[in-house]
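Student: In our numbering, the protein residues as written are 1432 to 1635. Even for Gly, the Cβ is constructed at its ideal location relative to N, Cα and C. Since the structure is predicted, the reported quantities are computational estimates derived from the model, not experimental observations.
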Amino acid sequence: MHSPLFFVWIELKVMYTDNRDWWYRGGEELRIIYVLSWVVTIFAIFSVVSHAAGLPWGLDAIHGSSMEPLITEEDIVVVVPYISTIMGEPERGDIIVFRSDRTRYMVMHRVYDILDGNNGYITKGDNIERPDQEMGMEVIESKAIYGFVPQIFGHPLMIPKIGILTHAFIEFNPVFRYYLSGFILVFLVISLVIDSKRIFMGKN
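(1) Answer with buried or exposed for Tyr1532, where buried requires no fewer than 16 other C-beta atoms within 10 angstroms of its C-beta.
(2) Decide if Met1537 is buried, meaning its Cβ has at least 16 other Cβ atoms within 10 Å, or exposed.
(3) Looking only at C-alpha atoms, which of Ile1590, Phe1579 and Leu1467 sits nearest to Glu1522?
(4) Assuming Pro1591 and Asp1506 are in contact, meaning their beta carbons sit under 8 Å apart, how far apart are those beta carbons, in whole angstroms?
(5) Report all residues from its chain with a CB closer than 6 Å to the CB of Arg1530; omit the five preceding and five following residues, and keep chain order.
(6) Compute the beta-carbon to beta-carbon distance between Met1589 and Val1509, rounded to the nearest angstrom, for a pair I have assumed lies under 8 Å.
(7) Are Gly1489 and Ser1478 closer than 8 Å when you measure CB to CB?
(8) Just tell me which of Tyr1513, Ile1526 and Ile1514 has its CA closest to the CA of Gln1582.
(9) Rounded to a whole number of angstroms, what is the C-alpha to C-alpha distance between Ser1481 and Ile1493?
(10) For Ile1553, which option in Ile1463, Glu1572 and Gly1495 has the closest C-alpha, if you only look at C-alpha atoms?
(11) Can you tell which of Glu1459, Ile1463 and Tyr1543 has the C-alpha that lies nearest to the C-alpha of Asn1558?
See the structure below:
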């Protein structure tokens, strides 16, 4: 077993490199790809654990069409933990993930306005004509914000067209998400141990 994005590459390299010391004889390009692949793997483990705990951190799929066309149900979005002491208060235009008393799930909407004195935030989906608070949702306080979606030049960090598989599995069997999360977590941990052991054996 190998880490994500690394499987095909390492199998090609191993044809020319001894299994015990591929890390040292595989070249700088191989080592860079390996490190990057494990960054993705560790992020995936973080995502699985956070979602099992009911938190939106890591990779998250949006529910509904409220953020279309920017974000659709077919997309997987990167969500980082919101820590106000480090990141400061959200600004207009930021995409946040918060829990509302009015909804069952976490909500991923944009900050539409900020009340004076940082007493709360008015939120709105890009595909909705009116702010959430005009439709019965309470004003969102900082303590209700769990996640923040990083944006680059106005575009959120995301993987397009992958979320459709997640929604299909969950709609088929809502409990499936827990079995799937557990399986992925076990697989990633075992893969990490095996590949780390392979490096250690090569060093000796």
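Tutor: Taking the coordinates as given:
(1) For the sequence presented, residue 1532 should be read as Asp rather than Tyr. That one is exposed.
(2) buried
(3) Phe1579
(4) 5 Å
(5) Met1537 and Ala1575
(6) 6 Å
(7) yes
(8) Ile1526
(9) Rounded to whole angstroms, Ser1481 to Ile1493 spans 16 Å at the Cα level.
(10) Glu1572
(11) Cα-wise, what sits closest to Asn1558 is Tyr1543.
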